[in-house]
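Position in the sequence shown counted from 1, then plus 5, gives you the working numbering. Just so you know, even glycine gets a beta-carbon here, dropped at the ideal spot from N, CA and C. Fair warning: this is a prediction, and the values are worked out from it, not measured in the lab. First comes the structure, then the notes that go with it.
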Amino acid sequence: MGLNVEFGSLEQIFNNPLHPYTKALLRSVPVMGIDKKAELESIRGSTPDASIVFKGCKFEPRCNFASKKCKLFSPPYITMESNHRVRCWLYARGNNND
Numbered sequence: 006m007g008l009n010v011e012f013g014s015l016e017q018i019f020n021n022p023l024h025p026y027t028k029a030l031l032r033s034v035p036v037m038g039i040d041k042k043a044e045l046e047s048i049r050g051s052t053p054d055a056s057i058v059f060k061g062c063k064f065e066p067r068c069n070f071a072s073k074k075c076k077l078f079s080p081p082y083i084t085m086e087s088n089h090r091v092r093c094w095l096y097a098r099g100n101n102n103d
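As structure tokens, then:
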């Protein structure tokens with residue numbers, strides 16, 4: 006698998022995560038000072054078999070926002086702001102999310 010889905014500064018990634026995978030990862034990490042009994046979110050589905058070759062986004066089978074385009078085409082890096090890039094069709098210009 007091994008493909009970066011988001012690139013940015015520490016502040017950009019933690020304060021404004023863009024990719025659904027980044028958001029899901031951050032929601033699944035315990036935070037100090039928060040209720041110890043609070044349940045952490047898990048990422049739905051299971052990690053795909055590494056031997057499977059995907060045409061599109063590797064996170065598509067587990068993504069709540071996936072579209073046909075995500076399954077068929079791997080997204081390029083899309084620059085959102087200074088040095089903050091994301092590989093996600095949700096942020097492509099003219100995206101109709103079909």
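When DSSP labels each residue in this structure, what does D103 get in the three-state scheme? Here the model assigns D103 a pLDDT of 47, short of 50, so the residue's position is not dependable, and the following value carries that caveat. D103 falls in the coil class under three-state DSSP.
Pairing CB atoms from the region 56-75 with CB atoms from the region 10-29, are three or more of them under 8 Å? yes
Does DSSP put R49 in a helix, in a strand, or in coil? R49 sits in coil when the DSSP states are folded into three classes, being neither helix nor strand.
Out of curiosity, what's the CA-to-CA distance linking K63 and N21? 21 Å
Pop quiz: G61 and S79 are said to be a contact at Cβ under 8 Å. What is the actual Cβ separation, rounded to whole angstroms? Contact between G61 and S79 holds: CB atoms are separated by about 6 Å, below the 8 Å threshold.
According to DSSP, what are the bridge partners of V91? E11 and I83
Minimum C-alpha distance to N9 - residue among K42, R98 and C93: C93
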